[in-house]
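Residue numbering for the sequence shown follows the numbering used here, starting at 1 and increasing by one per position.
First comes the structure, then the notes that go with it.
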Amino acid sequence: MPRDPAAARYRETTSISRRVAVEVQRIWRTLTASRIEIDLEGAAGRRILDLVVAGQLSVAAGAQRYVAETVAASRQTATAGLAAVAGLLQPRAFAGAASDGRPLATLLYVPAITVASRRAAGASDEEAMLAGLFQMTRFVSTQIADASRASTQVAMVANPAVTMYARVVNLPACARCIVLAGRTYRTDFKFERHPACDCEMKSVTEDEWRQMQTPQQIFDGMSPEQQRRVFGVDGSEAIRMGADINQVVNARRGMESPGDATTTEGSTVRSYYAHRLRAAGGDIERGTGRYGTVTTPRLTPEGIFARTTDRDEQLALLRRYAYLT
């Protein structure tokens with residue numbers, strides 16, 4: 001049976017995310033509620049950060065290969081996928097920043113604040129730590145998945161054979177994701193997701209978009225128990241009786257895109273972005289830290305796509321901000 005690039009990409013990303021989550025949970029179990037803020041500012045926090053950054057780097061490293069394999073599969077040739085790409089993806093550009101552009105370390109410290117707040121509100125140490133762990137695990141899975149999607153989207157824009165992307169929904173999935181299954185968007189259109197969403201993107205060439213699986217087809221492939229769990233007893237019955245699945249579910253409830261943002265991550269004096277900026281005559285600030293930072297804000301891929309729909313301009317900005325070479 002031919003390899004399905006989208007299924008393989010999903011397995012790769014979720015496997016990396018789960019491995020990181022397991023290691024983060026192992027570290028978390030060694031922490032105590034009374035010292036959580038100190039610990040997440042110290043060695044434990046650095047270990048967690050290193051794990052998540054490594055996960056982001058790993059998923060980004062496979063993005064351009066995934067897009068190339070998808071294009072090659074659609075054209076039934078092993079050489080079509082990477083032919084004439086507009087640039088090579090730089091995986092490290094997608095590691096170290098949160099989806100909204102802030103330093104990843106600041107996001108991963110939020111669970112410490114959650115634990116302290118829960119304790120102050122009267123929760124037991126165990127309850128507070130469980131709340132913090134739940135939040136931390138959600139952050140880990142979301143940030144790794146977002147790095148996967150962002151790098152995939154940049155790889156699509158860099159591949160002239162790709163004209164759009166489709167949302168790939170993998171079961172088990174929530175109703176909000178299922179009703180969006182198979183929808184196609186411009187390659188630069190923002191990807192909307194809810195926290196811990198593991199939906200992926202599949203590059204689509206001009207002649208293959210009609211083959212995408214629809215929400216109704218996914219529903220029909222679910223067992224009655226799965227249908228009831230995801231859509232509810234009344235909702236699943238209504239869909240089986242012919243109701244429009246899109247009317248049964250409010251697909252946009254709780255969905256958001258990573259955002260149009262800038263980031264300071266990957267912007268130290270010694271970073272590749274700083275090297276590119278210096279070559280272009282940009283300003284470098286030597287601050288008080290070991291490396292200093294650049295003074296020109298670095299756009300995230302989402303920020304680039306929000307600013308222009310012209311593909312040549314997008315590629316120029318992706319190169320300028322060191323997502324492509």
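All C-beta atoms, glycine included, are put in the ideal place defined by N, C-alpha and C.
Rounded to the nearest angstrom, the gap between the Cα atoms of residue 13 and residue 145 is 7 Å. For residue 200, the enclosing beta strand (DSSP E) has its first and last residue at 200-204.
The C-beta distance from residue 101 to residue 318 rounds to 16 Å, too long to meet the 8 Å contact threshold. For residue 319, the enclosing alpha helix (DSSP H) has its first and last residue at 311-320. If the five residues before and after residue 138 are omitted, its C-beta is found closer than 7 Å to the C-beta atoms of 195, 196, all from its own chain and listed in chain order. For the pair residue 315 and residue 157, the CB atoms are nearer than the 8 Å cut-off. Residue state for residue 43 is assigned as helix, using DSSP reduced to three classes. Taken atom to atom, the span from the alpha-carbon of residue 218 to that of residue 242 is near 15 Å. Looking at the backbone, the Cα of residue 247 and that of residue 192 are separated by about 19 Å. Residue 240 and residue 84 have their C-alpha atoms some 46 Å from each other. When Cβ pairs closer than 8 Å are counted between the two stretches, the segment 17-27 is seen to touch the segment 41-56, the count reaching three or more. Rounded to the nearest whole angstrom, the C-alpha separation of residue 38 and residue 115 is 12 Å. Per DSSP, residue 241 is not a residue of any alpha helix (DSSP H), being assigned neither H nor E.
By the C-beta density criterion, residue 313 is exposed, having fewer than 16 other C-beta atoms within 10 angstroms. Here the alpha carbons of residue 149 and residue 63 stand approximately 8 Å from one another. Between the segment 22-38 and the segment 119-132, the count of C-beta pairs closer than 8 Å reaches three or more; the two stretches touch.
Per DSSP, residue 7 is one residue of the alpha helix (DSSP H) stretching across 5-28. Pairing residue 112 with residue 96 gives a Cβ-Cβ distance that is not under 8 Å. Burial check for residue 221: the Cβ neighbour count within 10 Å stays below 16, so the residue is exposed. Taking all protein chains shown into account, residue 249 has 16 or more neighbouring C-beta atoms within 10 Å of its C-beta and is therefore buried. A Cβ-Cβ separation of about 6 Å places residue 179 in contact with residue 245 under the 8 Å criterion. Within the model, the alpha-carbon separation for residue 134 versus residue 46 is close to 19 Å. Within the same chain, and ignoring the five residues on either side of residue 55 in sequence, the residues whose Cβ sits closer than 6 Å to its Cβ are 16, 20, 144. Nearest C-alpha to residue 67 among 151, 182, 308, 175: 151.
Counted as a single uninterrupted DSSP element, the stretch harbouring residue 168 is not any alpha helix (DSSP H) but the beta strand (DSSP E) occupying residues 164-168. Under DSSP, residue 184 takes part in a beta bridge, and its partners are 166. Distance between residue 5 and residue 189, taken at the CA atoms: about 21 Å. If you draw a 10 Å sphere on the C-beta of residue 7, you find fewer than 16 other C-beta atoms in it, and that means exposed.
Cβ-Cβ distances below 6 Å link residue 214 to 182 in the same chain, with the five nearest sequence neighbours on each side left out; the list follows chain order. In this structure, the beta-carbon distance from residue 90 to residue 299 does not fall below 8 Å.
Just so you know, the alpha carbons of residue 9 and residue 75 end up roughly 19 Å apart. Your pair residue 204 and residue 165 checks out as a contact, with CB atoms roughly 6 Å apart and the cut at 8 Å.
Take the alpha-carbon of residue 202 and the one of residue 302: they are about 17 Å apart. Taking 8 Å as the cut-off, the Cβ atoms of residue 184 and residue 162 do not count as close.
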